[in-house]
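The structure under discussion appears below in the form of structure tokens.
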Amino acid sequence: MRSTPMLQAGRRWAGALLMAAALAAGTGLMAPAAHAAPPALPVGDAAPECIAPAKPGGGFDQSCKLAQAAFQQAGLTKTPMRITYLPGGVGAIAFDQIVTRRPAEPQTLVAFSSGSLLNLSNGRFGKRSIDDVRWVAAVGIDYGVVLVGRQAPWKTLPELLAALKADPGRISFAAGGTIGSQDWVKSALVAGAAGVDHKSMRFVAFEGGGEASAALKGGHVQVYMGDASEVFDKLAPGGPFRVLAVLAEQRLPGPLAGVPTAREQGVDIVWPAIRGFYVGPQVSDGAVVAWTASFDQLMATPAFQELRAQHGLFPLALTGPALRAFIDRQHRQYGELATRFGLRR
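When we follow this note's numbering, the leftmost residue of the sequence shown carries the number 1, and every step to the right adds one.
Right, here's the structure in full:
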């Protein structure tokens, strides 16, 4: 496989994220210590809300459903957490609304991912920055997948790369984001592995993973560079999809256990992604502490760990200063990636 600057940069970024996750595990951040009881959620009489900044069916949706189930199962909410879908700009609309219109709502969480941090780093959230919100928790790590339709002629990732190299114009990549998003970067890495310049690949942007997978199911695109959490509920025997590879260092447990990694197939691409939540910039310190303590308590329990696995996520638990340091580091590295490949607006 040819090594390109894009692939080399992607390897450095993925290695940094995996190292951060390993450091978190080594310092005990993967399993927060249990306390007597978590504080009451800072919601008052309002129903807690989780905003998924995309249409239903993607990774943000899965994150909110995980929080909804976890808080309800633990008995920490009087009423079930409400999930609100706020698509637009692959997270930009939700981010801007929380900052400008709903900055002081302690009951409202917003889901974020590594893709959100990438978009902030390359200017796709406009003038907004990582300092405009308050980061609450990272609750799991996800991994990229190479997804095709069940009837696609390719059974392995090398077969797809050979077809892409032979005729790049016949294969279109779907993404739950625009040019510069993490799905775009994953697509560009795969194109680069086939010796195809990322500027020449066919790319179709959708508003979230739900739309992208629907387009793949309908045969409108040939490949979707999604995430593991998005496909766990789409892999029923005889279903419409096939996963050619997982972009992890080793095979993933659960429904994807039988799917080889890209590395196993001779393609050195690894793409981890964190998933978590933030709140508005004017939410009080006390409310942020309450949310953080509640997440710390939940993430230490076997019940949460089981729910996290059911939603296609893998162990990572960060809150407080450790989370902020992690976000700062990723923001810098994403900025370097954006500059190198002309993604910054």
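The beta-carbon is built from N, C-alpha and C at its ideal position, and this holds for glycine as well.
query, result
"For A138 and E49, the rounded distance between their alpha carbons", "17 Å"
"Closest by C-alpha distance to A92, when choosing among P53, S229, H220, L164", "P53"
"For D233, the residue or residues it bridges with in DSSP", "Per DSSP, none; premise fails for D233."
"C-alpha distance - G180 paired with L118, whole-angstrom precision", "8 Å"
"Span of the beta strand (DSSP E), counted from its first residue to its last, around A248", "That residue, A248, is in no beta strand (DSSP E); it is neither H nor E in DSSP."
"Residue from E211, W135, A67 whose Cα sits closest to the Cα of A325", "W135"
"Beta-bridge pairing of C64 - partner residues as DSSP gives them", "Answer is none; C64 lacks a bridge partner."
"Length at least 4, wholly inside the segment 45–120: the alpha helix (DSSP H) runs in chain order", "59–73, 92–100"
"Cβ pair G123, K186 closer than 7 Å", "no"
"Residues near V99 by beta carbon distance below 8 Å, same chain, minus five either side", "R128, D132, V133, G280, P281"
"Classification of E230 by the beta-carbon crowding that lies within 10 angstroms, buried from 16 upward", "buried"
"At least 3 beta-carbon pairs within less than 8 Å: the segment 252–265 vs the segment 224–241", "yes"
"Span separating the alpha-carbon of L66 from that of G276", "10 Å"
"6 Å Cβ shell around A94 - same chain, five flanking residues per side excluded", "I51, P53, L86, V110"
"Touching by the beta-carbon criterion (3+ pairs, under 8 Å), the segment 157–176 and the segment 208–225", "yes"
"In DSSP terms, what P347 is bridged to", "Outside the shown range of the chain, which is 1 to 345, sits residue 347, and nothing can be said about it."
"From S116, P272, K234, residue whose alpha carbon lies closest to that of A214", "K234"
"Beta-carbon gap between I274 and S63 smaller than 7 Å", "no"
"One or two residues paired with W135 in a DSSP bridge", "Y278"
"Those residues which DSSP pairs with S284 across a bridge", "S284 pairs with nothing; no bridge assigned."
"Cutoff 8 Å; reference E207; Cβ partners in own chain excluding five residues on either side", "A54, K55, P87, G88, V90, G176"
"Alpha helix (DSSP H) runs wholly inside the segment 168–202, at least 4 long, in chain order", "182–193"
"Reduced DSSP category for T156 - H, G, I as helix; E, B as strand; rest coil", "coil"
"Classification of R340 by the beta-carbon crowding that lies within 10 angstroms, buried from 16 upward", "exposed"
"CA-to-CA distance, L161 to G192, given in whole angstroms", "9 Å"
"Residues near A248 by beta carbon distance below 6 Å, same chain, minus five either side", "Y143, T261"
"Opposing strand residues paired with V204 [DSSP bridges]", "A174"
"In DSSP terms, what L318 is bridged to", "A138"
"Separation of F203 from G26, as counted between CA atoms", "Any reading at G26 must be qualified, since the residue scores a pLDDT of 45, below 50, and its modelled position is unreliable; the value itself is stated next. Computed Cα separation, rounded: 39 Å."
"Where V289 falls: helix, strand or coil (DSSP)", "helix"
"D197, buried or exposed, once every other Cβ within 10 Å from all chains shown has been counted against 16", "exposed"
"Cα-Cα separation between A290 and A166, rounded to whole angstroms", "55 Å"
"Per-residue DSSP class, three states only, for R340", "helix"
"Inter-residue Cα distance where the pair is K199 and W184", "11 Å"
"Reduced DSSP category for F241 - H, G, I as helix; E, B as strand; rest coil", "strand"
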